[in-house]
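Written out below as structure tokens is the structure these notes cover.
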Amino acid sequence: MPFTILAQAEEKLQYEKHEWLQSHILHRELQEIILDYELQAHDTALSTADKEFKEILEQSLTYAETFDYLLFNPDPSSQVTLLGLSPEDIESHNPYNMHLSEATEEKERDLHRIALALNAYAAIGSGFDELVEEYGKLKAEMDNKRWALQEFQRTN
Numbered sequence: 007m008p009f010t011i012l013a014q015a016e017e018k019l020q021y022e023k024h025e026w027l028q029s030h031i032l033h034r035e036l037q038e039i040i041l042d043y044e045l046q047a048h049d050t051a052l053s054t055a056d057k058e059f060k061e062i063l064e065q066s067l068t069y070a071e072t073f074d075y076l077l078f079n080p081d082p083s084s085q086v087t088l089l090g091l092s093p094e095d096i097e098s099h100n101p102y103n104m105h106l107s108e109a110t111e112e113k114e115r116d117l118h119r120i121a122l123a124l125n126a127y128a129a130i131g132s133g134f135d136e137l138v139e140e141y142g143k144l145k146a147e148m149d150n151k152r153w154a155l156q157e158f159q160r161t162n
């Protein structure tokens, strides 16, 4: 039995090391990407999209650092931080959550609208393509005849 508890503790420690390494590597990569953008900004002007992306990276990094700081707790058995907050409390106050959920809902509405349009187009079938082509030919023919009529009226 003590061997099982030791094995479980080692497994948990290994998991936590792995999680820490992943977050540490991601943190360092974000710092390096931001630094690359800052260096690029000194050489050339960043595009608006690059500036926005860099700003989002900086805000994300700041949020992650703040989140880690707030989660610091010397008692690993406790489910609250030093400030008395649970990880869920901290996450629920994330200012980006509302923006992300709104953006996700908007994209889902757009996707639904496009799917409806595609379904309507598919329901019409290949006959629609032929109608569009025929319409183009008839319109060109009408334009030609209108021009010919104007020329005829000018000469008479």
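Using my numbering, read the sequence shown as starting at 7 and increasing by one per residue. We put the CB at the ideal spot given by N, CA and C, even for glycine.
C-alpha gap between residue i and residue j, whole angstroms
i, j, result
"K60", "Y69", "14 Å"
"K113", "S107", "10 Å"
"D42", "A55", "15 Å"
"I11", "Q20", "14 Å"
"K23", "L32", "14 Å"
Endpoints, alpha helix (DSSP H) assigned at residue i
i, result
"N125", "P101 to I130"
"S98", "P93 to S98"
Option in the options with minimal Cα separation from residue i
i, options, result
"S173", "F73, P101, M104 and N103", "As displayed, the chain neither begins before 7 nor continues past 162, which places residue 173 out of reach and without an answer."
"Q65", "A13, N100, L155 and I130", "N100"
"E35", "T50, L63, R119 and Q14", "L63"
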